[in-house]
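Residue numbers are given in numbering that gives the first Met the number 0: position 16 of the sequence shown equals residue 15, and the series is strictly consecutive.
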Amino acid sequence: MRKKLIYRLVFSFGYDECELLELSNQQLSNLLVSLMIAERTATFNGHKPVKLQAGKLNCNN
0 MRKKLIYRLV
10 FSFGYDECEL
20 LELSNQQLSN
30 LLVSLMIAER
40 TATFNGHKPV
50 KLQAGKLNCN
60 N
């Protein structure tokens, strides 16, 4: 499940993978749900869906 959440956040919303690895499963799930709601709300209100971009953190792997 964790890999699927990270994959969706990286490829659908442009998040940086190394930033997401720091989050718990619950935080990942909450973030994805929040972004999906925001995207659907924008579409419902007649706006083009905006791909929300995350801030990038330095990743020291």
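Ideal Cβ placement from N, Cα and C applies to all residues, glycine included.
Whole-Å CB distance - residue i paired with residue j, under 8 angstroms assumed
i, j, result
"residue 19", "residue 31", "At roughly 10 angstroms, the Cβ-Cβ gap does not stay under 8 angstroms, so residue 19 and residue 31 are not in contact."
Where the alpha helix (DSSP H) through residue i begins and ends
i, result
"residue 14", "Careful: residue 14 lies outside any alpha helix (DSSP H) and carries neither H nor E."
Simplified DSSP state of residue i, which is helix, strand or coil
i, result
"residue 0", "coil"
"residue 38", "helix"
"residue 31", "helix"
"residue 8", "helix"
Straight-line Cα distance separating residue j from residue i
i, j, result
"residue 33", "residue 23", "15 angstroms"
"residue 11", "residue 3", "11 angstroms"
"residue 15", "residue 9", "6 angstroms"
"residue 7", "residue 40", "19 angstroms"
"residue 38", "residue 5", "18 angstroms"
"residue 29", "residue 17", "18 angstroms"
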